[in-house]
Amino acid sequence: MWKDYSSGFIKSNKASSLSIMAAALIAALFLSFLCTLFYNFWMDETARIILEDGDWDGRITGEISELQLSTIKSFANVEKAVINNALSGAKGTVVDIYFYNRRVAYQDMPLIAERLGLEDNAVSYNTLLLSQYLIHDPNAKQPPMLLSLYLVVLVLVSFSLILIIHNSFAVSMNARIHQFGIFSSIGATPGQIRFCLMQEAAVLSLVPILAGWLLGIALGFGVMKAANLLVSQLPQRDNMLLQFYYHPAIFAVTILASLFTVLFSAWLPAIKLSRMTPLEAIRNAGGLQLKKKKKSRLLALLFGMEGELAGNALKAQKKALRTSTLSLTLSFFGFSIMMNFFSLSTLSTQYTYFEKYQNVWDIMVTLKDTEIENFGLTEKLREIRGIQDCVVYQKAMAKVRIPDSWQSDELAALGGPAVLAGQAESGATDAAAAKEAGAWLAEAPIVILDDDAFRAYCEEIGITPRLDGTIILNQIWDSLHSNFRHRIYVPYVKEAQDTVTLLNAKQESGQAEIPVLAYTQTVPALKEEYDNYTLVQFMPLSLWEKTADHLGGAEEDTYIRILSENRTDPAGMAALEQEVSRLISPDYDMVSENRIQDKITNDLMIQGYQLILGGLCVMLAFIGIANVFSYTLGFLHQRKREFAQYMSVGLTPGGIRKMFCIEALVIALRPLIITLPLTAAFIVFAVRASRLNLSEFLPVAPVAPIAVFSLAILGFVALAYYIGGKKILRCSMAEALRDDTLA
1 MWKDYSSGFI KSNKASSLSI MAAALIAALF LSFLCTLFYN FWMDETARII
51 LEDGDWDGRI TGEISELQLS TIKSFANVEK AVINNALSGA KGTVVDIYFY
101 NRRVAYQDMP LIAERLGLED NAVSYNTLLL SQYLIHDPNA KQPPMLLSLY
151 LVVLVLVSFS LILIIHNSFA VSMNARIHQF GIFSSIGATP GQIRFCLMQE
201 AAVLSLVPIL AGWLLGIALG FGVMKAANLL VSQLPQRDNM LLQFYYHPAI
251 FAVTILASLF TVLFSAWLPA IKLSRMTPLE AIRNAGGLQL KKKKKSRLLA
301 LLFGMEGELA GNALKAQKKA LRTSTLSLTL SFFGFSIMMN FFSLSTLSTQ
351 YTYFEKYQNV WDIMVTLKDT EIENFGLTEK LREIRGIQDC VVYQKAMAKV
401 RIPDSWQSDE LAALGGPAVL AGQAESGATD AAAAKEAGAW LAEAPIVILD
451 DDAFRAYCEE IGITPRLDGT IILNQIWDSL HSNFRHRIYV PYVKEAQDTV
501 TLLNAKQESG QAEIPVLAYT QTVPALKEEY DNYTLVQFMP LSLWEKTADH
551 LGGAEEDTYI RILSENRTDP AGMAALEQEV SRLISPDYDM VSENRIQDKI
601 TNDLMIQGYQ LILGGLCVML AFIGIANVFS YTLGFLHQRK REFAQYMSVG
651 LTPGGIRKMF CIEALVIALR PLIITLPLTA AFIVFAVRAS RLNLSEFLPV
701 APVAPIAVFS LAILGFVALA YYIGGKKILR CSMAEALRDD TLA
């Protein structure tokens with residue numbers, strides 16, 4: 001059959017063959033691209049985890065002797081056990097454990113701890129690294145699922161590609177039902193028909209699959225280069241640049257997945273075709289059939305008779321166009337949601353971070369494991385040229401008892417701390433224990449400022465600078481009458497007490513009675529959030545040194561907030577950050593942040609996310625558009641007969657062109673009409689959830705990108721119909737109407 005029929009059919013029906021070859025090329029290209037991209041993401045993420053956390057599988061912390069170390073090594077699945085000298089110290093010896101078979105790490109580590117006589121909390125796992133190999137903690141409520149998500153996306157894309165290629169094969173095979181009916185009547189078996197069709201599919205798809213594989217690799221390499229261009233604009237970019245990887249296993253997966261996708265897509269219509277009886281096949285006229293006639297009233301009203309005919313044609317081809325409609329709808333919906341989400345996220349971040357802190361801090365330095373009283377470079381910092389203001393501070397935690405009589409009248413009228421903002425935000429630690437003996441036990445965070453900064457803060461709020469007391473932030477969020485975006489505060493306590501008794505947050509016996517210098521609703525310019533905290537205590541370093549032994553609760557790190565004289569120059573800010581680092585880093589373990597560079601990094605990250613997610617939306621749109629091209633070219637034979645019949649009863653070529661324009665318009669606009677109400681609903685919901693006003697979002701709404709995306713879809717659909725219509729209008733009406741049983 002191949003020599004006598006299949007090869008001749010392929011040569012005589014180039015449009016149908018090209019449709020199948022294009023579908024196979026698209027399938028192989030997308031599968032190769034996704035496999036390449038996901039493999040590189042996996043390799044890069046794995047390398048990053050190993051660089052930051054190490055390549056160990058499990059870790060034991062405790063008093064580990066040489067004998068116990070040998071016991072660990074004696075386990076059959078333990079490849080090696082190494083003492084981590086960098087982490088070992090007062091808390092015990094840290095041993096990094098490597099397994100031959102990582103998949104049983106969560107089963108073997110508890111057994112090792114039990115053998116050593118250690119508690120379960122002595123065991124820790126390299127969770128992120130293990131999750132890269134699809135090994136998850138069975139007890140974790142939310143294990144890392146990024147790699148699993150990649151695989152799910154790959155399966156979904158493969159399923160989508162099966163749909164589009166299936167349509168291409170179905171179009172080609174359905175056009176030959178009449179012919180295969182004749183073959184069956186002269187003795188061809190269903191098996192021979194299936195083998196013939198699968199043979200054609202293999203021959204037509206082999207070269208496109210190989211070409212698509214190479215193009216997919218090239219596209220993946222291009223995406224890596226584009227990502228590196230974005231990363232290259234970041235500071236400390238050497239450790240963030242992406243490397244390109246490829247593995248023979250990726251080639252095998254790509255080729256096998258492509259072959260499976262193509263052959264399975266061809267198998268489905270081949271099975272259906274081979275099961276038809278010869279009589280059913282011979283009686284098939286090959287034209288478009290509308291099972292249930294319905295009037296397209298809207299199209300008829302707008303476009304007249306051509307609109308009615310176009311509507312009927314679209315209904316008859318509904319199944320063939322299902323993939324394109326679904327793909328275009330999902331692509332447009334995904335693109336519009338993505339663009340609106342990032343616009344809303346950018347707007348929210350701008351309000352809550354960059355605009356909020358643009359006059360608060362420019363450079364933040366974190367001194368690791370350093371107490372504020374042990375930092376001696378404050379004066380030298382303030383002498384650095386370019387620094388307008390500098391504050392050194394540390395945070396601690398204490399508690400305070402608040403009798404009902406001390407609560408403000410405004411707070412009492414609203415129902416008290418528990419009713420107003422909830423236990424966590426009001427500072428209450430427990431519903432039963434928080435209210436005892438007529439008093440609330442509330443958290444009282446402490447911010448310890450260096451003495452000069454505290455004096456400046458006293459002047460800012462209008463009191464005489466002193467170093468022997470605390471300033472209390474006297475406010476609590478009225479969550480009943482405001483939202484988190486536009487908060488309304490009321491006084492927490494009556495501003496009558498001259499002293500406050502702070503309690504040790506961890507020990508019941510420790511406490512200190514401290515003079516209150518002032519109650520205020522003005523906070524110092526620090527990179528701190530006070531929205532959900534109440535009764536924050538701002539105190540000078542001199543006072544903290546006297547009370548630290550009683551209160552304790554200090555955090556391990558100290559912070560330095562720096563305001564620059566020129567806060568709009570990225571190069572100047574970077575130079576100032578380097579100057580600060582040169583002064584501090586020789587003596588202290590420090591990490592610094594640059595507000596302007598954070599803004600640049602944030603913008604580049606959003607661009608990267610938009611590039612990747614937008615690429616996926618474009619891929620979905622490409623699948624839909626490719627299906628439209630496949631449909632217009634593949635149904636050419638059947639539509640020639642259809643339009644010849646129309647012309648025989650008086651329809652002009654201009655009317656046929658009008659029909660094509662109407663069909664293209666409906667196919668392109670249908671996804672938009674379906675999606676726009678959903679997108680509008682999402683925007684309203686997201687804006688309300690973000691506690692923004694619609695008038696704030698509308699000026700930054702991504703109208704232009706969505707319009708360009710829509711016009712691109714409309715343009716490609718119109719192009720597909722233009723090519724198909726041009727071929728049909730060139731055909732002879734008599735040739736189209738003749739009996740083409742053996743064509």
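The sequence shown runs 1 to 743 under full-length UniProt numbering. Quick reminder that beta carbons are idealized off the backbone N, C-alpha and C, glycines included.
Between R561 and L526, the gap from beta carbon to beta carbon is short of 8 angstroms.
Remark: C-beta atoms of N474 and Q407 do not approach each other more closely than 8 angstroms.
8 angstroms or more divides the Cβ of G212 from the Cβ of S265. Assignment of W477 by DSSP, reduced to helix, strand and coil, places it in the strand class. Here L563 is bridged, per DSSP, to D389. Between the alpha carbons of F709 and L535 lies a distance of about 52 angstroms. Residue burial is scored here from C-beta neighbours: I673 has fewer than 16 other C-beta atoms within 10 angstroms and is therefore classed as exposed. As for any alpha helix (DSSP H) of minimum length 4 sitting wholly inside the region 547-623, the runs are 570-584, ordered along the chain. Nearest to D120 by C-alpha distance, out of Y106, L551, L37, is Y106. I683: member of the alpha helix (DSSP H) spanning 653-689, first to last residue. A straight line joining the alpha-carbon of Y722 with that of Q607 spans about 35 angstroms. Taking C-beta atoms as the reference points, M619 and F30 count as a pair closer than 8 angstroms.
The beta carbon of I683 is closer than 6 angstroms to those of N340 in its chain, skipping five residues each way along the sequence. Following the DSSP letters along the chain, one finds A257 inside the alpha helix (DSSP H) bounded by residues 248-274. Boundaries for K527: no beta strand (DSSP E) harbours it, and the DSSP string shows neither H nor E there. In this structure, DSSP gives V490 an extended state, which the three-state scheme calls strand. The secondary-structure analysis by DSSP pairs I60 across a beta bridge with V95, V123. For K506, the closest alpha carbon among the candidates L467, A554, Y530 is that of A554.
Contact annotation: S592 and I387 have beta-carbon atoms that are not nearer than 8 angstroms. Judged by DSSP in its simplified three-state form, G715 adopts helix.
Residue nearest to V95 within the set V123, D108, D549 is V123 (criterion: CA-CA distance). Comparing alpha-carbon positions, the option among A76, F75, R59 lying closest to G92 turns out to be R59. Nearest Cα to A202 within the set V262, F221, T254, P248: V262. Ranked by Cα distance from P540, the first of K395, Y609, Q578 is K395. Put simply, the region 97-105 does not touch the region 45-52. Fewer than three CB pairs are less than 8 angstroms apart. Here DSSP, grouped into helix, strand and coil, assigns I372 to helix.
According to DSSP, residue pairing for A398 in a beta bridge involves A444, N504. In the DSSP secondary-structure assignment, I363 is bridged to I562, N594. Remark: fewer than three beta-carbon pairs, one from each stretch, lie closer than 8 angstroms, so the region 695-714 and the region 364-372 are not flagged as touching. By the Cβ criterion, the region 568-579 is in contact with the region 593-604, since at least three pairs of Cβ atoms, one from each stretch, lie closer than 8 angstroms.
Taken atom to atom, the span from the alpha-carbon of L347 to that of L330 is near 25 angstroms. Just measuring C-alpha positions, the residue of I384, I448, K494, L37 sitting nearest S542 is I448. In the three-state reduction of the DSSP assignment, P208 falls in the helix class. For F33, the closest C-alpha among the options A218, E79, T61 is that of A218.
Rounded to whole angstroms, R297 and K658 show a C-alpha spacing of 17 angstroms. For A664, the CB contacts under 7 angstroms within the same chain, skipping 5 residues up- and downstream, are V717, A718, Y721 in chain order.
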